[in-house]
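Engineer: The structure that follows is given in the form of structure tokens.
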Amino acid sequence: MAARQPASEDSSSTGAARQFARDPWPETFSLPPAPDESTIVPRSAYRIENNVQVRQFLDLFQTGYRRAVVERWLVRSGRYLPMIFGVFREKGLPEELVFTAMIESGFNPVAVSRAGAKGLWQFMAPTARRYGLRVDRWVDERLDPEKSTVAAANYLRDLHALFGSWDLAKAAYNAGEMKVSRAIQGMGTTDFWALTRSRLLRQETKDFVPAIHAATLIGREPERYGFVVAPDDPLRYEIVTVSRATPLSRIAVQAVVSAEDLERLNPELRLKQTPPGPYALKVPTGGADRIQAALDRPAARHLASAQSAGKPRSARVGGHDIHIVQPRETLSAIAKRYGISVANLLQWNYLSETARIFPGDRLRVALIASRAEEPEQGGFR
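See below:
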């Protein structure tokens, strides 16, 4: 979606401001000198400013403790930027807008502000619901990186359609549409940089837009600004369908997968379990077929087979000995049966000390046990 060129914005700013004249604004303020208007114009229609306000943030981001913070943001960005670029291209947004998330959350999908905004794009709950995100006692899709990115792209596109300027769209993303509309009416201009010379916008909003421009400059050319980092690998996952409300810890045991991985890939699950009804669960790549098969396998089938044999059942699966949990069995009883410690049983199956097991769950019990006695190879897991 093409941004309006700054020259045309300036020439029609008074007329455009009349579009937003809703409530009279009683005060006017004297203006300081205009900012430096030097710019960098990329191939896209998006205008990246490099004025006084932007350079202040460039300096800020390169010095002191904030430099280390920005480095962490750049490293973390590797997990999400490919996905965000794809969504923004699909929605027709300038790719430079992706660095809005750098200022909103530092590319942290579980970030929470003091005001209660959450996620990569720091949505408040009402706006999130308005843009199709589920926010209830089970699921908070503000914490889902991809779904929240789609919502943010739609919101930014709507704001640009309303204000005709990407800078005003970003300001409204931070402050809300009405506050920006009233500032435009009060100043009689649609030039964001002129609006910053008044007291009609909060300082946070005045800082938000130049900070994004600075983040964009750094994000596009980190080495130019002294940042030499290795971004994290892109976050990858596959989807399986969970048919009913199920704790992630139980899925981890049943499918022999790390509960920590499931929680990391599905931060939107507020209770660490899927909600009632079918749910599309993200799982580590390469394991979807195996995990789906384990989820689809009725527990009753395991129990009937085990009971017909007259003793707890174990089987060789994927190079490991697997024990099928029986009714009324405990972790300590299972550990004793196989001559292993409860601590190892918990570790091998990615279980916490308070985890519960259920009939039909599958636990790793052997082969790995023999490895526990092998010497460490060094390093950290």
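When we follow my numbering, the leftmost residue of the sequence shown carries the number 9, and every step to the right adds one.
Glycine included, each C-beta is placed from N, C-alpha and C at the ideal position.
Computed from a predicted structure; not experimentally measured.
1. So, using beta-carbon positions, are V83 and A288 closer together than 9 Å?
2. In angstroms, rounded to a whole number, what distance separates the CA positions of V120 and R150?
3. What residue does the beta strand (DSSP E) around L289 start on, and which one ends it?
4. Checking the sheet assignment: what are the DSSP bridge partners for E79?
5. Apply the 10 Å Cβ neighbour rule to T282 and answer buried if 16 or more other Cβ atoms are within range, or exposed otherwise.
6. Check whether the region 147-161 and the region 206-225 touch, using three or more Cβ-Cβ pairs below 8 Å as the test.
7. Tell me the DSSP secondary structure of P153 in three-state form.
8. Residues in its own chain within less than 6 Å of L371 by CB, not counting five upstream and five downstream?
9. Measuring alpha carbon to alpha carbon, tell me which of D166, T197, E104 and I342 ends up nearest E185.
10. Nearest CA to the CA of P367: which residue from L339, A351 and G347?
11. May I ask which residues mark the beginning and end of the beta strand (DSSP E) holding I111?
12. To the nearest angstrom, how far is the alpha carbon of F235 from that of T224?
13. In or out: I247 buried (at least 16 other Cβ within 10 Å) or exposed?
14. Whole angstroms are fine: how far does the CA of A267 sit from the CA of A42?
15. Among L66, V350, P117 and V60, which residue has its Cα nearest to the Cα of E229?
16. Could you tell me which uninterrupted alpha helix (DSSP H) segments, each at least 4 residues in length, are contained entirely in the region 256-282, listed from first to last along the chain?
17. I226 lies in the alpha helix (DSSP H); which residues open and close that run?
18. Could you check if Q355 is buried or exposed, using at least 16 other CB atoms within 10 Å of its CB as the buried criterion?
19. Assuming A302 contacts Q262 under a Cβ cut-off of 8 Å, what Cβ separation, rounded to an integer in Å, is found between them?
20. When DSSP builds the beta bridges, which residues end up paired with K126?
21. L141 to D148, Cα distance in whole Å?
22. I want to see whether chain B comes within less than 9 Å of R207, judged by CB atoms only; does it?
23. V143 bridges to which residues according to DSSP?
24. From what residue to what residue does the alpha helix (DSSP H) around I299 run?
25. Could you give the DSSP three-state label for R5: helix, strand or coil?
26. R137 to K126, Cα distance in whole Å?
27. Taking the Cβ atom as the reference point for each residue, do L105 and L164 lie within a distance shorter than 9 Å?
28. Between G196 and S189, what straight-line distance do the alpha-carbon atoms span, to the nearest angstrom?
29. Identify, in the order they occur along the chain, each residue of the same chain with its Cβ nearer than 7 Å to the Cβ of L181, setting aside the five sequence neighbours on each side.
30. Ends of the beta strand (DSSP E) at E246?
31. Could you give the distance in angstroms between the alpha-carbon of P90 and the alpha-carbon of A343?
32. Return helix, strand or coil for V350, following the three-state DSSP convention.
Structural biologist: From the atom records:
1. Position 75 of the sequence shown, counting from 1, holds the residue named residue 83. Position 280 of the sequence shown, counting from 1, holds the residue named residue 288. Cβ distance not < 9 Å, so V83 and A288 don't count as in contact.
2. Counted from its first residue, the sequence shown places residue 120 at position 112. Counted from its first residue, the sequence shown places residue 150 at position 142. Rounded to the nearest angstrom, the two C-alpha atoms are 10 Å apart.
3. By one-based count along the sequence shown, residue 289 stands at place 281. Segment Y287 to V291, the beta strand (DSSP E) holding L289.
4. As a first step, residue 79 is located in the sequence shown; it is residue number 71 there, counting from the start. DSSP lists no partner for E79.
5. Residue numbering aside, residue 282 sits at position 274 when the sequence shown is read from its first letter. With at least 16 other beta carbons inside 10 angstroms of its own, T282 counts as buried.
6. Touching, no, given that fewer than three Cβ pairs across the two stretches are closer than 8 Å.
7. What you label residue 153 is simply residue 145 of the sequence shown in a count that begins at 1. Looking at P153 - three-state DSSP - the assignment turns out to be helix.
8. Within the sequence shown, numbered from 1, the residue matching residue 371 stands at position 363. Take L371, set aside five residues on each side of it, and the residues of its chain with a beta-carbon closer than 6 Å to its own are H331 and N357, in chain order.
9. In the sequence shown, residue 185 corresponds to position 177, counting from 1. Cα-wise, what sits closest to E185 is D166.
10. For the purposes of this step, residue 367 is taken as residue 359 along the sequence shown, with counting starting at 1. When C-alpha distances from P367 are compared across L339, A351 and G347, the shortest belongs to L339.
11. Numbered from its first residue, the sequence shown carries residue 111 at position 103. Where I111 is concerned, there is no enclosing beta strand (DSSP E), although the alpha helix (DSSP H) it sits in stretches over T108 to S113.
12. For the purposes of this step, residue 235 is taken as the residue at position 227 of the sequence shown. For the purposes of this step, residue 224 is taken as the residue at position 216 of the sequence shown. Looking at the two C-alpha atoms, the distance is approximately 13 Å.
13. Numbered from its first residue, the sequence shown carries residue 247 at position 239. Residue environment analysis places I247 among the exposed positions, since fewer than 16 neighbouring C-beta atoms fall within 10 angstroms of its C-beta.
14. Position 34 of the sequence shown holds residue 42. Position 259 of the sequence shown holds residue 267. Here the model assigns A42 a pLDDT of 35, short of 50, so the residue's position is not dependable, and the following value carries that caveat. Cα-Cα distance, rounded: 55 Å.
15. By 1-based counting over the sequence shown, the position of residue 229 is 221. Relative to E229, the option among L66, V350, P117 and V60 whose CA is nearest is L66.
16. Counting only runs of 4 or more residues that sit fully inside the region 256-282, the alpha helix (DSSP H) segments are 256-263 and 267-273, in chain order.
17. Your numbering for residue 226 matches position 218 in the sequence shown. Per DSSP, the continuous alpha helix (DSSP H) segment holding I226 begins and ends at Q211 to R228.
18. Working through the sequence shown from its first residue, we reach residue 355 at position 347. Exposed is the call here.
19. In the sequence shown, the residue the question calls residue 302 occupies position 294. In the sequence shown, the residue the question calls residue 262 occupies position 254. A302 to Q262, Cβ: 5 Å. Contact.
20. Reading the sequence shown from its first residue, position 118 is the one you call residue 126. Listed as beta-bridge partners of K126 by DSSP are V120 and F131.
21. The residue you call residue 141 lines up with position 133 of the sequence shown. The residue you call residue 148 lines up with position 140 of the sequence shown. In a straight line, the C-alpha of L141 is about 8 Å away from that of D148.
22. Here there is only one protein chain, and chain B is not present.
23. Within the sequence shown, numbered from 1, the residue matching residue 143 stands at position 135. BP columns for V143 point to D148.
24. Stepping through the sequence shown from its first residue, residue 299 is reached at position 291. Note, I299: alpha helix (DSSP H), A296 to D304.
25. Residue 5 falls outside the range modelled here, since the chain spans only 9 to 389, and no answer is possible.
26. Here residue 137 refers to the residue found at position 129 of the sequence shown. Here residue 126 refers to the residue found at position 118 of the sequence shown. For the pair R137 and K126, the Cα-to-Cα distance works out to about 13 Å.
27. Along the sequence shown, read from residue 1 onward, the residue named residue 105 stands at position 97. Along the sequence shown, read from residue 1 onward, the residue named residue 164 stands at position 156. L164 sits close to L105, with the two beta carbons spaced by under 9 Å.
28. On the sequence shown, residue 196 is found 188 positions in, with the first residue counted as 1. On the sequence shown, residue 189 is found 181 positions in, with the first residue counted as 1. Taken atom to atom, the span from the alpha-carbon of G196 to that of S189 is near 10 Å.
29. Residue mapping note: residue 181 aligns to position 173 of the sequence shown, counting from 1. In the sequence on display, residue 181 carries Tyr and not Leu. Hits under 7 Å: Y163, L164 and L167.
30. By one-based count along the sequence shown, residue 246 stands at place 238. Where E246 is concerned, the enclosing beta strand (DSSP E) stretches over E246 to V250.
31. Locating residue 90 in the sequence shown gives position 82, where the first residue counts as 1. Locating residue 343 in the sequence shown gives position 335, where the first residue counts as 1. Spanning the alpha carbons of P90 and A343 requires a straight line of approximately 44 Å.
32. Stepping through the sequence shown from its first residue, residue 350 is reached at position 342. Here V350 sits in helix by DSSP.
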